[in-house]
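Notes to accompany the following structure.
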Amino acid sequence: MKILGVIPARFASTRFPAKVLAPLNGAPMIAHVWKRAKKCRQLDDVLIACDHAEVLNAARAFGAKAVMTDPRHASGSDRIAEAVKDLDVEIVVNIQGDEPFVDPAAVDALVLALKNDASCLMGTVVKVITDERDFMNPNVVKCVLDAAGYALYFSRAPIPYNRNAPPLAGPAGLTLYKHLGLYAYRKEFLLRYTRWPKSILESTEQLEQLRALENGA
Numbered sequence: 003m004k005i006l007g008v009i010p011a012r013f014a015s016t017r018f019p020a021k022v023l024a025p026l027n028g029a030p031m032i033a034h035v036w037k038r039a040k041k042c043r044q045l046d047d048v049l050i051a052c053d054h055a056e057v058l059n060a061a062r063a064f065g066a067k068a069v070m071t072d073p074r075h076a077s078g079s080d081r082i083a084e085a086v087k088d089l090d091v092e093i094v095v096n097i098q099g100d101e102p103f104v105d106p107a108a109v110d111a112l113v114l115a116l117k118n119d120a121s122c123l124m125g126t127v128v129k130v131i132t133d134e135r136d137f138m139n140p141n142v143v144k145c146v147l148d149a150a151g152y153a154l155y156f157s158r159a160p161i162p163y164n165r166n167a168p169p170l171a172g173p174a175g176l177t178l179y180k181h182l183g184l185y186a187y188r189k190e191f192l193l194r195y196t197r198w199p200k201s202i203l204e205s206t207e208q209l210e211q212l213r214a215l216e217n218g219a
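For the sequence shown, my numbering gives the first residue as 3, with consecutive numbering after it.
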């Protein structure tokens, strides 16, 4: 079973153009992401999927494997699907290009979740919310899980909303989660998922994972 980590590196970022090339401790941000991805024990290789020649050249300059993809892709998953469609891999991990402190242990745990459950087509990572500011911040994506640990919904809104108490003072047993920007997919599911049209909820929240939930994945 070959497992590939792919870093979608978007040069034309809306809020911060060329963010992946922003200098951080003497190297482009994307170089730090790549170095941490290379520490993941469950990944057989790491590839950077670029949308601009400057990113491609920078990636190759620090020794990464990199390919050019269509700059018109709407999401990282779409960019990754193009990069891997002809590669012999079974599991693909999406490691966002603007996460220089990504935790290799979290990536490994995510991969193991798919390896240990053949029925799981796509997985992601959540973390317990301990700060009310995170819960109320629309830039921090919240996730509600079912009893088996599967995602029920992701939102920029503060969910689940507690009508009877402050946000972090819910009833015993209630845990609030925020979503971390990691995804793992079985390759064939990724190719199928990215062929689905952009969903209503995905367009509303601007969260690509909602496309999978809306289609029953």
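The beta carbon of each residue, even a glycine, is placed where N, CA and C say it ideally should be.
Query raised in the report: Taking the C-alpha atoms as reference points, what is the distance between Ala167 and Lys200?
Result: Position 165 of the sequence shown, counting from 1, holds the residue named residue 167. Position 198 of the sequence shown, counting from 1, holds the residue named residue 200. Taking the straight line from one Cα to the other gives about 36 angstroms.
Query raised in the report: Nearest to Cys75 by alpha carbon, out of Asp53, Val69, Val35, Arg165?
Result: Along the sequence shown, read from residue 1 onward, the residue named residue 75 stands at position 73. The residue you asked about is not Cys; residue 75 is His in the sequence shown. Comparing Cα-Cα distances from His75 to each of Asp53, Val69, Val35, Arg165, the minimum goes to Asp53.
Requested in this report: Report the residue ranges of all alpha helix (DSSP H) runs contained in full by the stretch 61-121; include only those spanning at least 4 residues, in chain order.
Outcome: 78-86, 106-117
Query raised in the report: Would you report the Cα separation of Tyr185 and Pro173, rounded to the nearest angstrom?
Result: Position 183 of the sequence shown, counting from 1, holds the residue named residue 185. Position 171 of the sequence shown, counting from 1, holds the residue named residue 173. Their backbone Cα atoms lie some 30 angstroms apart in a straight line.
Query raised in the report: If Val91 sits next to Lys4, beta carbons under 8 angstroms apart, how far is it from one beta carbon to the other, in whole angstroms?
Result: The sequence position of residue 91 within the sequence shown is 89, counting from 1. The sequence position of residue 4 within the sequence shown is 2, counting from 1. Contact between Val91 and Lys4 is confirmed by a C-beta separation of about 5 angstroms, below the 8 angstroms threshold.
Query raised in the report: Quick one: Cα of Gly125 to Cα of Leu116, how far?
Result: As a first step, residue 125 is located in the sequence shown; it is residue number 123 there, counting from the start. As a first step, residue 116 is located in the sequence shown; it is residue number 114 there, counting from the start. The alpha-carbon atoms of Gly125 and Leu116 are separated by roughly 7 angstroms.
Report task. Compare the C-alpha of Arg12 against each of Lys37, Ser77, Asp47, Lys41 and name the closest. Result -> On the sequence shown, residue 12 is found 10 positions in, with the first residue counted as 1. Nearest in C-alpha terms to Arg12, of all of Lys37, Ser77, Asp47, Lys41, is Ser77.
**Report entry** Ordered list of alpha helix (DSSP H) runs contained in the stretch 7-63, each at least 4 residues
**Finding:** The DSSP assignment places 31-39, 55-63 as complete runs of the alpha helix (DSSP H) inside the stretch 7-63, in order along the chain (cut-off: 4 residues).
Requested in this report: Could you name the residues of the same chain whose beta carbon sits closer than 6 angstroms to that of Cys42, not counting the 5 residues immediately before and after it, in chain order?
Outcome: Counted from its first residue, the sequence shown places residue 42 at position 40. Closer than 6 angstroms at the Cβ level, and outside the excluded window around Cys42, lie Pro106, Val109, Asp110.
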